[in-house]
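Mapping of the sequence shown onto UniProt numbering: position 596 corresponds to residue 596, and the numbering continues sequentially without gaps. Where a beta carbon is used, it is the ideal one built from N, C-alpha and C, also for glycine.
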Amino acid sequence: MDSSANFPNPVYHFNIALCFLLFLASSCLNTSKLCLGDGLPVVKCIDIERSALLIFKADLIDASGRLSSWEGQNCCQWKGISCNNRTGHVEKMDLRNTSPAPSIDVEDQEFEAYEESFLGGKINPSLLRLKYMSYLDLSSNDFQGLQIPKFFGQLKSLKYLNVSSAYSSSSLSSSFGGQIPPHLGNLSNLNYLDLSGNYLLEISSINLNWLSHLSSLKYLSLNEVDLSNAGATWLHVVNILPSMLELHLSRCNIESLPLSLHTMNLTSLLILDMSLNDFKFPFPKWVFNLTSLRELHLATNSFSGPLPNDFVNLKSLEELDLSLNGLHGRIPKFFENLCNLKTLILSENAFDQGLPEFLDGLSGCANNKLESLDLSSNKLVGELPASLGMLPHLQYLNLFHNHLNGSIPESLGRLSELVHLDLSENSLVGFLTEAHFIDLAKLKYIALGNISVPNSLPSIIFNVSYEWVPPFKLDTIAIRNCQVGPAFSLWLQSQTEPVYVTLSNTGISDSIPEEWFVKISSGQLQFLDLSFNEIRGKLPVQLIVPNLVGLDLRHNQFRGSLPLWLCKEASYLNLASNSFSGPVPSTFDQHFPKLRELHLYENYLNGTIPSSVCNMQKMLIFSLRSNNISGEFPQAWSTWGDIYIIDVGDNHLSGNIPSSMGIPSSLFLLSMKNNKLDGEIPMALGNSTNLRSIDLGGNRFTGNLPSWIGTNVSKVFILRLPSNSLSGHIPQQLCNLDQLHLLDLGHNHLSGTIPTCLNNMTALTDVKFNAYDLYHAYEQQIMVTRGREFQYNKTLKWVKSIDLSSNSLEGEIPEKICSLFALVILNLSMNHLSGNIPSKIGNLRSLEFLDLSGNHLSGRIPQSISSLTYLSHLNLSYNELSGRIPLGNQLQALDDSTNIYRGNPSLCGVPLLNKCPGDDRPPQPTFPRGKRHEDDEKLGFYISAVLGFVVGFWGVCGTLLIKKSWRYAYFRFFDRIQDKVAVAVALKIAHFQRKI
Numbered sequence: 001m002d003s004s005a006n007f008p009n010p011v012y013h014f015n016i017a018l019c020f021l022l023f024l025a026s027s028c029l030n031t032s033k034l035c036l037g038d039g040l041p042v043v044k045c046i047d048i049e050r051s052a053l054l055i056f057k058a059d060l061i062d063a064s065g066r067l068s069s070w071e072g073q074n075c076c077q078w079k080g081i082s083c084n085n086r087t088g089h090v091e092k093m094d095l096r097n098t099s100p101a102p103s104i105d106v107e108d109q110e111f112e113a114y115e116e117s118f119l120g121g122k123i124n125p126s127l128l129r130l131k132y133m134s135y136l137d138l139s140s141n142d143f144q145g146l147q148i149p150k151f152f153g154q155l156k157s158l159k160y161l162n163v164s165s166a167y168s169s170s171s172l173s174s175s176f177g178g179q180i181p182p183h184l185g186n187l188s189n190l191n192y193l194d195l196s197g198n199y200l201l202e203i204s205s206i207n208l209n210w211l212s213h214l215s216s217l218k219y220l221s222l223n224e225v226d227l228s229n230a231g232a233t234w235l236h237v238v239n240i241l242p243s244m245l246e247l248h249l250s251r252c253n254i255e256s257l258p259l260s261l262h263t264m265n266l267t268s269l270l271i272l273d274m275s276l277n278d279f280k281f282p283f284p285k286w287v288f289n290l291t292s293l294r295e296l297h298l299a300t301n302s303f304s305g306p307l308p309n310d311f312v313n314l315k316s317l318e319e320l321d322l323s324l325n326g327l328h329g330r331i332p333k334f335f336e337n338l339c340n341l342k343t344l345i346l347s348e349n350a351f352d353q354g355l356p357e358f359l360d361g362l363s364g365c366a367n368n369k370l371e372s373l374d375l376s377s378n379k380l381v382g383e384l385p386a387s388l389g390m391l392p393h394l395q396y397l398n399l400f401h402n403h404l405n406g407s408i409p410e411s412l413g414r415l416s417e418l419v420h421l422d423l424s425e426n427s428l429v430g431f432l433t434e435a436h437f438i439d440l441a442k443l444k445y446i447a448l449g450n451i452s453v454p455n456s457l458p459s460i461i462f463n464v465s466y467e468w469v470p471p472f473k474l475d476t477i478a479i480r481n482c483q484v485g486p487a488f489s490l491w492l493q494s495q496t497e498p499v500y501v502t503l504s505n506t507g508i509s510d511s512i513p514e515e516w517f518v519k520i521s522s523g524q525l526q527f528l529d530l531s532f533n534e535i536r537g538k539l540p541v542q543l544i545v546p547n548l549v550g551l552d553l554r555h556n557q558f559r560g561s562l563p564l565w566l567c568k569e570a571s572y573l574n575l576a577s578n579s580f581s582g583p584v585p586s587t588f589d590q591h592f593p594k595l596r597e598l599h600l601y602e603n604y605l606n607g608t609i610p611s612s613v614c615n616m617q618k619m620l621i622f623s624l625r626s627n628n629i630s631g632e633f634p635q636a637w638s639t640w641g642d643i644y645i646i647d648v649g650d651n652h653l654s655g656n657i658p659s660s661m662g663i664p665s666s667l668f669l670l671s672m673k674n675n676k677l678d679g680e681i682p683m684a685l686g687n688s689t690n691l692r693s694i695d696l697g698g699n700r701f702t703g704n705l706p707s708w709i710g711t712n713v714s715k716v717f718i719l720r721l722p723s724n725s726l727s728g729h730i731p732q733q734l735c736n737l738d739q740l741h742l743l744d745l746g747h748n749h750l751s752g753t754i755p756t757c758l759n760n761m762t763a764l765t766d767v768k769f770n771a772y773d774l775y776h777a778y779e780q781q782i783m784v785t786r787g788r789e790f791q792y793n794k795t796l797k798w799v800k801s802i803d804l805s806s807n808s809l810e811g812e813i814p815e816k817i818c819s820l821f822a823l824v825i826l827n828l829s830m831n832h833l834s835g836n837i838p839s840k841i842g843n844l845r846s847l848e849f850l851d852l853s854g855n856h857l858s859g860r861i862p863q864s865i866s867s868l869t870y871l872s873h874l875n876l877s878y879n880e881l882s883g884r885i886p887l888g889n890q891l892q893a894l895d896d897s898t899n900i901y902r903g904n905p906s907l908c909g910v911p912l913l914n915k916c917p918g919d920d921r922p923p924q925p926t927f928p929r930g931k932r933h934e935d936d937e938k939l940g941f942y943i944s945a946v947l948g949f950v951v952g953f954w955g956v957c958g959t960l961l962i963k964k965s966w967r968y969a970y971f972r973f974f975d976r977i978q979d980k981v982a983v984a985v986a987l988k989i990a991h992f993q994r995k996i
């Protein structure tokens with residue numbers, strides 16, 4: 001046995017003691033204490049510097065009290081202040097605002113709290129007393145466009161200066177503005193300068209000379225500073241700085257770059273960011289001389305054409321971002337030579353080569369380092385090759401929105417470092433098995449399938465066993481229109497920590513496992529979309545979901561009462577097209593206080609609309625269409641100050657439209673169709689000047705058409721008031737609706753004439769004009785034509801219609817209506833209209849539906865009606881029309897053609913049995929249509945031949961009989977011809993005999 005094992009080794013103990021002392025020494029360097037004992041004195045700041053800081057503080061605005069620690073004698077312990085541990089001089093002032101900027105959709109109070117965290121006011125020159133300060137950071141505050149102090153140029157010890165700006169709720173705030181003082185050129189020791197975000201700074205070609213004196217500068221950021229007036233001067237100035245390592249010029253309004261430089265001094269540059277400008281093709285040659293570059297960011301510019309091969313010179317590149325340009329063609333092969341690349345972003349271009357060749361090239365690097373590859377939103381074609389699995393370091397793969405096809409290779413499962421995978425919006429098909437995920441233990445994000453028509457056939461099918469448990473724990477699942485169901489398999493139930501889940505149209509017909517659902521809801525879950533499945537069962541009635549922002553369960557088979565969960569953060573709730581029943585809970589507002597969108601349409605809800613829903617004052621969309629809701633609409637709806645869409649159609653609501661407390665002025669779409677509402681349409685609705693769609697059809701409204709339509713409210717593109725009891729004339733103001741696409745006033749008691757100014761509705765004259773983008777996301781419009789309902793949802797933007805049917809309108813149809821070239825549907829039936837059908841009716845070249853039945857129209861049907869080549873429905877019945885029915889084009893292809901003209905006894909011709917005058921002649925043999933046409937042509941030929949023979953014969957022979965001199969000349973001519981022919985024949989015979 002080794003005796004050394006029983007006795008301590010002195011060398012070992014010495015090493016331990018030495019390491020301990022070194023540790024204490026290194027720890028002491030980072031503190032302001034002397035580290036010789038707790039009772040020993042602490043290094044304090046210099047008095048003159050402390051007083052300078054207090055003077056500086058006095059001129060600042062500090063609403064949130066960030067500098068509340070600035071009191072007492074030792075300024076070295078104040079927040080944001082660091083001193084030299086030996087001398088006590090202030091060396092660092094870091095007053096950067098570290099409060100995170102809130103997202104756009106947060107409450108106003110959160111914005112106010114964030115803006116209160118800014119420091120502002122004035123910057124006192126007392127800072128000049130801090131002669132040893134080398135670090136000054138005032139970034140992410142708001143000095144409201146204050147000029148950068150000139151005295152900054154006297155802080156000769158500065159090595160770090162950051163006065164970049166911060167985000168504000170109203171706009172991008174600019175902490176500093178005006179001319180940059182040239183005194184900054186005196187800071188010869190400055191290594192780091194950040195002026196970014198200060199869009200009010202004035203920089204031109206004549207005030208950039210100061211920058212050339214900063215010979216020690218290694219980092220310069222002018223992001224979001226306007227350099228449009230600096231021309232190319234900024235580049236020549238920066239090129240003088242030999243120590244520059246990082247240059248950031250993003251969003252600087254630079255439109256052009258010099259293509260070359262005589263001398264390139266930026267050879268040590270490591271990072272160059274010129275994204276979000278407006279550079280155009282070609283790429284500047286001098287960029288390819290920056291052979292030390294590790295990062296190059298040129299995203300969101302206007303480069304076009306193919307990528308130049310000069311990129312191959314940048315062999316040190318680790319990150320390249322060329323996204324959001326106009327690049328196209330093949331992705332060059334030189335990328336297989338850039339083996340140091342870790343991040344390659346080519347998204348949002350138009351590259352169209354086959355992906356297999358590109359990935360095969362990338363995998364050819366002997367020591368491939370690629371970690372992030374983004375080729376999304378291009379036009380790449382082909383299948384995913386097996387070589388995809390030969391990128392061992394790949395963490396991020398985004399191939400979203402290309403034209404990729406075929407199946408997904410199993411080699412995907414070998415990407416053991418993969419964290420983010422997006423293959424969605426392609427044409428990929430086939431099965432996914434356990435092998436595709438076998439080594440993806442680090443996977444956190446997966447996106448598969450396409451956003452396509454719901455209930456379409458799945459393209460990708462998960463062919464895994466019910467018991468399979470994958471190696472990963474996902475935080476984002478975005479799977480659409482793939483076959484995942486029918487069961488909630490264990491692989492889904494094993495994902496217990498998701499933040500974002502979309503399983504839309506995935507064929508799940510199971511019930512949700514309650515234990516799993518409760519677990520994910522109480523965790524970090526922010527968004528859950530299980531829409532367009534056949535999920536059945538009930539939801540837990542009460543549940544605390546602390547982080548949920550959005551829930552989409554539409555188009556399933558959920559039943560029972562509405563979930564009354566406690567969702568303090570939820571802004572989106574869509575439970576539409578299910579089988580929920582019972583009333584809307586009166587405490588709904590308390591459980592969903594921040595709700596912005598509530599979609600409960602197409603269920604079996606009953607009872608009344610509780611007035612408490614009006615307490616949700618952030619509401620933007622409120623939809624209860626197609627339920628069994630009764631009672632009156634809440635009076636307090638005026639408190640919805642931002643409401644955009646209200647749709648309570650197809651219910652049993654009664655009473656008036658409440659207006660005593662006011663009507664929301666923010667309304668964009670109002671639909672209360674098919675209820676039992678009565679009274680007059682309130683004048684107060686005219687204060688909602690943003691209204692674009694009004695649908696109050698199928699109620700019991702009385703009175704005249706509102707006069708505010710076309711005056712106060714003039715941008716309407718849908719106006720539906722059919723099936724009410726409205727009376728009076730159609731006001732002329734209606735013609736001011738120049739964006740109107742759909743007008744339906746049918747089935748009322750309107751009288752008077754049709755306004756002659758309908759041609760002022762210019763949206764109905766322009767086939768290309770549309771204002772229906774909103775309806776792609778929401779509206780399903782019902783239009784009544786030909787006695788049955790046609791639904792237009794995604795095609796509604798192309799449907800332009802006028803329906804004035806079933807009223808008491810009189811007079812003639814205005815001729816100017818024929819200038820509405822974009823009109824698709826025109827229904828004027830069941831009125832008292834008289835006069836002729838306008839002769840230019842054929843100008844309505846887009847017309848598909850025309851109903852003029854049940855009027856007193858007279859005269860002939862204009863021949864131009866045969867020019868309506870898109871016409872699929874025509875009804876002219878029960879009028880007083882006369883004359884022959886026009887033939888041709890689409891008229892002969894219409895169904896039920898006899899009924900089109902019924903009730904017009906003076907009409908005649910095909911397809912009626914009534915013959916027109918002149919049609920009573922001897923019957924002609926009946927031939928098939930083609931044979932009759934052929935025989936007619938033969939008869940014409942024979943007649944022409946006979947006439948030609950007669951005229952020719954008597955034109956010559958008749959003249960010879962009558963005129964003697966012509967007769968002699970004629971016979972002499974034939975005698976000469978006979979002699980010539982005889983001589984020619986004799987010569988031919990003689991020639992033939994000689995040959996024999």
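**Study point:** Pair within 8 Å by beta-carbon distance, P498 and L474
**Key:** Numbered from 1 along the sequence shown, position 498 holds the residue referred to as residue 498. Numbered from 1 along the sequence shown, position 474 holds the residue referred to as residue 474. Going by C-beta atoms, P498 is nearer than 8 Å to L474.
Review point. By a C-beta neighbour count over all protein chains shown, 10 Å radius and 16 as the cutoff for buried, is K218 buried or exposed?
Key: Locating residue 218 in the sequence shown gives position 218, where the first residue counts as 1. That one is buried.
Review point. Taking the alpha carbon of N574 as the point to measure from, which residue in S586, V545, I621 has its own alpha carbon closest?
Key: Reading the sequence shown from its first residue, position 574 is the one you call residue 574. Distance from the Cα of N574 is smallest, within the candidate group S586, V545, I621, for I621.
Point to revise | Boundaries of the beta strand (DSSP E) in which T343 is found, first to last residue | key: Within the sequence shown, residue 343 is the residue found at index 343, counting from 1. Where T343 is concerned, the enclosing beta strand (DSSP E) stretches over 343-345.
Check your understanding: What whole-angstrom Cβ distance do F431 and I461 have, given they're in contact under 8 Å?
Key -> For this step, residue 431 is matched to residue 431 along the sequence shown. For this step, residue 461 is matched to residue 461 along the sequence shown. 5 Å between Cβ atoms; contact.
Check your understanding: When you compare each of F527, Q73, Y601, I754 to L672 by their alpha carbons, which one comes out closest?
Key -> Looking up residue 672 in the sequence shown gives position 672. Inspection of the sequence shows that residue 672 is occupied by Met rather than by Leu. For M672, the closest C-alpha among the options F527, Q73, Y601, I754 is that of Y601.
Exercise for review: Along the alpha helix (DSSP H) that carries D744, what are the first and last residues, could you check?
Suggested key: Here residue 744 is taken as the residue at index 744 of the sequence shown, counted from 1. D744 -> not in any alpha helix (DSSP H); beta strand (DSSP E) instead, spanning 742-744.
**Study point:** First and last residue of the uninterrupted beta strand (DSSP E) at H599
**Key:** Locating residue 599 in the sequence shown gives position 599, counting from the first residue. Note, H599: beta strand (DSSP E), 597-599.
Check your understanding: Any idea what DSSP makes of M661, helix, strand or coil?
Key -> Counting from one through the sequence shown, the residue named residue 661 turns up at place 661. In the structure shown, M661 sits in coil (DSSP, three-state: anything other than H, G, I, E or B).
Review point. DSSP on P583, reduced to helix/strand/coil?
Key: For this step, residue 583 is matched to residue 583 along the sequence shown. Strand.
Review point. Out of P486, L269, A447, L261, which has the shortest C-alpha to C-alpha gap to Y466?
Key: Numbered from its first residue, the sequence shown carries residue 466 at position 466. Nearest C-alpha to Y466 among P486, L269, A447, L261: P486.
Review point. Could you check where the beta strand (DSSP E) with S521 kicks off and where it finishes?
Key: Your numbering for residue 521 matches position 521 in the sequence shown. No beta strand (DSSP E) contains S521, which is instead part of the alpha helix (DSSP H) from 514-521.
Check your understanding: Considering W477, what are the terminal residues of the beta strand (DSSP E) in which it resides?
Key -> Translated into positions along the sequence shown, residue 477 becomes position 477. Note that residue 477 corresponds to Ile in the displayed sequence, not to Trp. Taken as a continuous stretch (DSSP letters only), the beta strand (DSSP E) holding I477 covers 476-480.
Review point. Can you list, in chain order, the residues of its chain whose CB lies under 6 Å from that of L155, leaving out five sequence neighbours each side?
Key: Position 155 of the sequence shown holds residue 155. Same-chain partners within the cutoff: there are none.
Review point. Three or more beta-carbon pairs under 8 Å between the region 80-88 and the region 146-162, yes or no?
Key: Taking a cut-off of 8 Å for Cβ pairs, the region 80-88 and the region 146-162 do not touch, as fewer than three such pairs fall below it.
Practice item. Have a look at the DSSP bridge pairing and note the partners of N827. Key: For the purposes of this step, residue 827 is taken as residue 827 along the sequence shown, with counting starting at 1. Paired residue(s): D803, D851.
Check your understanding: Can you give the Cα-Cα distance for P862 and I885, rounded to whole angstroms?
Key -> Along the sequence shown, one-based indexing puts residue 862 at 862. Along the sequence shown, one-based indexing puts residue 885 at 885. Within the model, the alpha-carbon separation for P862 versus I885 is close to 9 Å.
**Study point:** V225 and L201 closer than 8 Å at C-beta
**Key:** Position 225 of the sequence shown, counting from 1, holds the residue named residue 225. Position 201 of the sequence shown, counting from 1, holds the residue named residue 201. Between V225 and L201, the CB-CB gap stays under 8 Å.
Check your understanding: What's the gap between the Cα of S27 and the Cα of V43?
Key -> Within the sequence shown, residue 27 is the residue found at index 27, counting from 1. Within the sequence shown, residue 43 is the residue found at index 43, counting from 1. Summary for S27: the model assigns pLDDT 41, below 50, so the residue's position carries little reliability; its value from the coordinates is reported in the next sentence. Across the structure, S27 and V43 are spaced so that their CA atoms are roughly 15 Å apart.
**Study point:** Pairwise C-alpha distance: D62 and W70
**Key:** Locating residue 70 in the sequence shown gives position 70, where the first residue counts as 1. Locating residue 62 in the sequence shown gives position 62, where the first residue counts as 1. Rounded to the nearest angstrom, the two C-alpha atoms are 12 Å apart.
**Study point:** Rounded C-alpha distance that separates L564 from N615
**Key:** If you number the sequence shown from 1, residue 564 lands on position 564. If you number the sequence shown from 1, residue 615 lands on position 615. Computed Cα separation, rounded: 16 Å.
Check your understanding: So what's Q635 in DSSP terms, helix, strand or just coil?
Key -> On the sequence shown, residue 635 is found 635 positions in, with the first residue counted as 1. DSSP places Q635 in helix when its eight states are reduced to three.
Practice item. Could you have a look at F431 and say whether DSSP puts it in helix, strand or coil? Key: By 1-based counting over the sequence shown, the position of residue 431 is 431. For F431, the secondary structure class from DSSP, reduced to helix, strand or coil, is strand.
**Study point:** Same chain only: Cβ atoms within 6 Å of I254, ignoring 5 sequence neighbours per side
**Key:** For the purposes of this step, residue 254 is taken as the residue at position 254 of the sequence shown. So the list reads L227, N277, once near-sequence residues are dropped.
Check your understanding: Roughly how many angstroms separate the alpha carbons of S858 and N759, rounded to a whole number?
Key -> Within the sequence shown, the letter at position 858 stands for residue 858. Within the sequence shown, the letter at position 759 stands for residue 759. Their backbone Cα atoms lie some 24 Å apart in a straight line.
**Study point:** Residue closest to F717, alpha-carbon to alpha-carbon, out of F580, L415, T587, Q739
**Key:** If you number the sequence shown from 1, residue 717 lands on position 717. If we check each option's Cα against that of F717, Q739 comes out closest.
Review point. At which residues does the alpha helix (DSSP H) containing L235 begin and terminate?
Key: On the sequence shown, residue 235 is found 235 positions in, with the first residue counted as 1. Judged by DSSP secondary structure, L235 falls within the alpha helix (DSSP H) whose first and last residues are 233-238.
Practice item. Going by CA-CA distance only, name the one from Q483, N189, S205, S139 that's closest to S175. Key: Counting from one through the sequence shown, the residue named residue 175 turns up at place 175. Per the Cα distances, S139.
Check your understanding: Can you name the residues that DSSP bridges to S316?
Key -> Stepping through the sequence shown from its first residue, residue 316 is reached at position 316. For S316, which the question treats as bridged, DSSP gives no partner whatsoever.
Point to revise | Cα-Cα separation, T898 to L881 | key: Stepping through the sequence shown from its first residue, residue 898 is reached at position 898. Stepping through the sequence shown from its first residue, residue 881 is reached at position 881. Looking at the two C-alpha atoms, the distance is approximately 14 Å.
Check your understanding: Between A990 and the rest of its own chain, which residues show a CB-CB distance below 8 Å, the 5 nearest in sequence each way excluded?
Key -> Locating residue 990 in the sequence shown gives position 990, counting from the first residue. Summary for A990: the model assigns pLDDT 42, below 50, so the residue's position carries little reliability; its value from the coordinates is reported in the next sentence. Around A990: no qualifying Cβ.
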